[in-house]
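Notes to accompany the following structure.
Quick look at the structure:
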């Protein structure tokens, strides 16, 4: 088996998010895993206890300096971000020998952004977003299925659980629930990792300051440094 000999650019680029976007695009084109945009998102609760789960990175904006993901605002992650609006995320492509770590501050997306993405989802997922009270206890699987069937009847669409077949879109407008939407993670720190020979991995970290601006943040100049593996 040939050794992997990729290295990070030298000198390091002044702006790291463009390279992150390039890596994600390459992973998607290479079809290295079912969801190349999957990332582990870590949050903390009021006691400082961390929790992590996988979400999908839906957008990387090097120009504005954030990445975007969507979820139920009433979920555990939503509650934790409401109390502490800081988060960290990791994307890892084993086949490509690459890892990305991101840290920063989170703000909700606008209603228009959340509406647009929700409308693009499969109709079954839109029904499910209304039916599920994410992260809260439920007595049984059948109770969740009943809630889904009731939601489907409410919107005049077939039940998503009625068949294993993928049903065509019934063409019925299903609005976004008020408790569902997106977040921007305004990136304050980026670490890139490339697997190296003899565990001499290539690592670099970028950091910058964030200043509140217009409901989001304005980023200062990036400072970059290489790290030992």
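Residue numbers (our numbering): 285 to 513.
Glycine residues also receive a C-beta, built at the ideal position from the N, C-alpha and C atoms.
Please read these numbers as outputs of a predicted model, since none were measured by experiment.
Simplified DSSP assignment, three categories, for residue i
{"i": "residue 475", "result": "strand"}
{"i": "residue 358", "result": "coil"}
{"i": "residue 366", "result": "helix"}
{"i": "residue 296", "result": "coil"}
{"i": "residue 441", "result": "coil"}
{"i": "residue 456", "result": "coil"}
{"i": "residue 316", "result": "coil"}
{"i": "residue 412", "result": "helix"}
{"i": "residue 510", "result": "strand"}
Residue i to residue j span [Cα, whole Å]
{"i": "residue 390", "j": "residue 401", "result": "18 Å"}
{"i": "residue 240", "j": "residue 398", "result": "This structure gives no information on residue 240, because the portion of the chain shown stretches from 285 to 513."}
{"i": "residue 494", "j": "residue 317", "result": "33 Å"}
{"i": "residue 404", "j": "residue 482", "result": "45 Å"}
{"i": "residue 443", "j": "residue 436", "result": "5 Å"}
{"i": "residue 440", "j": "residue 456", "result": "8 Å"}
{"i": "residue 499", "j": "residue 505", "result": "20 Å"}
{"i": "residue 496", "j": "residue 368", "result": "16 Å"}
C-beta contact flag for residue i and residue j at 8 Å
{"i": "residue 472", "j": "residue 492", "result": "yes"}
{"i": "residue 379", "j": "residue 344", "result": "no"}
{"i": "residue 364", "j": "residue 329", "result": "yes"}
{"i": "residue 291", "j": "residue 478", "result": "yes"}
{"i": "residue 299", "j": "residue 346", "result": "yes"}
{"i": "residue 356", "j": "residue 418", "result": "yes"}
{"i": "residue 373", "j": "residue 469", "result": "yes"}
{"i": "residue 371", "j": "residue 326", "result": "yes"}
{"i": "residue 427", "j": "residue 445", "result": "no"}
{"i": "residue 352", "j": "residue 361", "result": "no"}
Distance between beta carbons of residue j and residue i, contact taken as under 8 Å
{"i": "residue 393", "j": "residue 465", "result": "6 Å"}
{"i": "residue 502", "j": "residue 490", "result": "Not quite, the Cβ-Cβ distance comes to about 16 Å (not below 8 Å), so this is no contact."}
{"i": "residue 307", "j": "residue 385", "result": "Between residue 385 and residue 307 the Cβ distance is about 12 Å, and since that is not below 8 Å, they are no contact."}
{"i": "residue 322", "j": "residue 340", "result": "6 Å"}
{"i": "residue 431", "j": "residue 406", "result": "The Cβ separation is near 18 Å, so there is no contact."}
{"i": "residue 296", "j": "residue 488", "result": "5 Å"}
DSSP bridge partner residues for residue i (one or two, in chain order)
{"i": "residue 502", "result": "495"}
{"i": "residue 464", "result": "356"}
{"i": "residue 383", "result": "376 and 477"}
{"i": "residue 486", "result": "478"}
{"i": "residue 328", "result": "334"}
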